[in-house]
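Asker: Numbering (the working numbering), first residue to last: 4 to 405.
C-beta atoms are modelled at their ideal positions from N, C-alpha and C, and glycine is treated no differently.
This one's a predicted model, so the numbers in the text were calculated from it and none came from an experiment.
#1: Count Cβ pairs between the stretch 86-94 and the stretch 23-31 that sit closer than 8 Å; are there 3 or more?
#2: For residue 394, list the residues DSSP reports as bridge partners.
#3: Using the three-state DSSP reduction, which class does residue 303 fall into: helix, strand or coil?
#4: Starting from the C-beta of residue 288, find all residues in its chain whose C-beta is less than 6 Å away, skip the five residues before and the five after it, and write them out in chain order.
#5: Apart from the five residues on each side of it in sequence, which residues of its chain come closer than 6 Å, Cβ to Cβ, to residue 313?
#6: Taking only the alpha-carbon atoms, compute the straight-line gap between residue 138 and residue 284 and give it to the nearest angstrom.
#7: Taking 8 Å as the threshold, find out whether the stretch 327-338 comes into contact with the stretch 380-398 through three or more Cβ pairs.
#8: Distance check for residue 47 and residue 53, CA to CA, integer angstroms please.
#9: Just the Cα atoms here: how many angstroms apart are residue 129 and residue 19?
#10: For residue 322, report the span of its alpha helix (DSSP H) as first-last.
#11: Which residues in the same chain have their Cβ closer than 8 Å to the Cβ of residue 124, if we skip the five residues on either side of it in sequence?
#12: Going by Cα to Cα distance, which pick from 165, 100 and 243 is closest to residue 361?
#13: Please classify residue 195: is it buried, with 16 or more other beta-carbons within 10 angstroms of its beta-carbon, or exposed?
#14: Count the other CB atoms within 10 Å of the CB of residue 103; is the residue buried (16 or more) or exposed (fewer)?
#15: Specify the secondary structure class of residue 53 as computed by DSSP and reduced to three states.
#16: When the Cα atoms are used, what is the spatial distance from residue 6 to residue 85?
#17: Rounded to whole angstroms, how far is the Cβ of residue 37 from the Cβ of residue 159, which I believe are closer than 8 Å?
#18: Please give the ranges of any alpha helix (DSSP H) in the stretch 90-163, keeping only runs that are unbroken, at least 4 residues long and fully inside the region.
#19: Should residue 67 and residue 119 be called a contact, given that it needs their Cβ atoms to be closer than 7 Å?
#20: Please say whether residue 266 and residue 149 have beta carbons closer to each other than 7 Å?
#21: Of the residues 49, 22, 55 and 35, which one's Cα is nearest the Cα of residue 364?
#22: Is the beta carbon of residue 115 less than 7 Å from the beta carbon of residue 34?
#23: Tell me which same chain residues have a C-beta within less than 8 Å of the C-beta of residue 398, skipping the five on either side of it?
#24: What do you get for residue 9, buried or exposed, if any count of 16 or more other CB atoms within 10 angstroms of its CB means buried?
#25: Quick one: residues in its chain with C-beta nearer than 8 Å to the C-beta of residue 263, no 5 flanking neighbours on either side, listed in chain order?
#26: Starting from the C-beta of residue 122, find all residues in its chain whose C-beta is less than 7 Å away, skip the five residues before and the five after it, and write them out in chain order.
#27: Can you list, in chain order, the residues of its chain with a C-beta nearer than 6 Å to that of residue 43? Leave out the 5 residues immediately preceding and following it.
#28: So, under 8 Å CB-CB, residue 357 and residue 235 are touching, yes? Tell me the CB distance rounded to an integer number of Å.
#29: Residue 216 lies in the alpha helix (DSSP H); which residues open and close that run?
#30: Within 10 Å of its beta-carbon, does residue 76 have 16 or more other beta-carbons around it, so buried, or fewer, so exposed?
Next comes the structure, spelled out in structure tokens:
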């Protein structure tokens with residue numbers, strides 16, 4: 004997938020390796036934003052989904068995330084950079100064929116294919132970011148990457164307006180066009196950029212270290228809680244408040260415009276106040292937002308909550324920089340693979356179970372999300388003000404045995 008000339012990262016401008024990360028982020032977000040923006044309307048209008056079917060679909064979507072630890076075995080054959088680009092290509096193909104299979108089975112299969120590419124890419128992107136960006140610059144770079152992600156999403160939503168509103172084309176052509184464009188961009192990146200060296204050799208086996216236990220738990224609750232937002236917050240907008248495709252797209256446009264403007268500043272803010280304070284602020288905000296979701300009766304208020312919720316996702320940068328500061332460098336690739344699996348343990352189960360609960364009590368679904376945010380808040384109180392190897396937690400003190 005990549006050019007054959009391999010040069011050590013330190014002999015190339017760091018800017019070039021980071022530029023590749025930003026462009027890969029742009030491509031991923033462009034493709035995924037279109038898939039996500041159209042999903043709820045597409046499954047309701049073309050496949051007559053209820054909360055139960057959307058829960059099953061979302062659970063299936065998370066199965067590849069649960070299996071993300073297998074990325075470490077693929078890395079025995081491929082370099083991380085090549086694997087990341089190949090994953091993006093799979094994502095583009097999966098999204099590109101979605102519109103041609105408007106049935107429950109067809110949507111389940113295309114969603115799994117799309118998800119394989121998405122989750123492997125996200126695993127590798129996080130690993131490469133933590134290896135290619137210096138610790139003191141990581142929070143700021145991740146904020147910049149979020150801005151690129153938002154810019155790509157805005158371009159994706161603009162393409163929805165152009166193709167579906169102005170040109171009056173059907174869902175299938177929107178999916179096909181964005182998938183084809185994404186594939187062309189991936190191939191262009193693979194030809195343009197050289198193969199970068201990640202520096203210190205990464206472990207090629209599954210690694211679980213006792214001293215990373217707090218990071219593992221934060222990751223678990225983050226994945227469980229995020230699923231409630233991803234699956235049910237947008238679904239509520241369509242089912243409860245009757246949002247159309249154009250209205251959902253407008254909401255997403257506002258979301259990403261806010262992130263485009265504020266995500267870089269949030270990254271720098273986290274760098275100044277530290278991971279502990281950033282995580283505490285994030286979880287306090289999420290508790291309030293999830294409780295509000297459960298009680299909201301006005302569509303405009305719900306939209307405001309949705310935007311605030313999405314903005315708080317930028318604070319999750321703190322969890323990644325916390326790990327970077329406590330980790331041994333050769334552990335990064337293996338731990339990112341394992342952490343994605345941990346992130347998706349609950350995610351595989353929660354959408355289906357809560358999809359059934361949704362049929363009788365949507366409010367209960369969001370109160371469960373608030374309870375998960377409380378658990379995350381309690382865990383964040385154990386993050387040291389200055390994380391480092393040997394200072395992974397406040398309690399118990401001292402470095403844990405490996």
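Answerer: Once the coordinates are examined:
#1: These segments touch.
#2: In the DSSP output, where bridge partners are listed per residue, residue 394 has 391.
#3: helix
#4: 315
#5: 258
#6: 22 Å
#7: yes
#8: 7 Å
#9: A direct Cα-to-Cα measurement between residue 129 and residue 19 gives close to 17 Å.
#10: 320-329
#11: 27, 31, 87, 90, 91 and 94
#12: 243
#13: exposed
#14: Counting every other CB atom within 10 Å of its CB across the protein chains shown gives residue 103 a total below 16, marking it as exposed.
#15: coil
#16: Its pLDDT being 41, under 50, residue 6 is placed unreliably in this model, and the value from its coordinates should be taken loosely. Each residue's Cα considered, the two are about 9 Å apart.
#17: 4 Å
#18: Within the stretch 90-163, the complete alpha helix (DSSP H) runs of at least 4 residues are 107-135 and 138-163.
#19: yes
#20: yes
#21: The shortest Cα separation from residue 364 among 49, 22, 55 and 35 belongs to 55.
#22: no
#23: 385
#24: Annotation note: pLDDT 41 at residue 9 (below 50); position unreliable, coordinate value reported separately. Classification of residue 9: exposed, given that the 10 Å Cβ count is below 16.
#25: 150, 153, 154 and 157
#26: 67, 68, 71 and 343
#27: 237, 238 and 241
#28: 7 Å
#29: Here the alpha helix (DSSP H) through residue 216 covers 216-231.
#30: exposed
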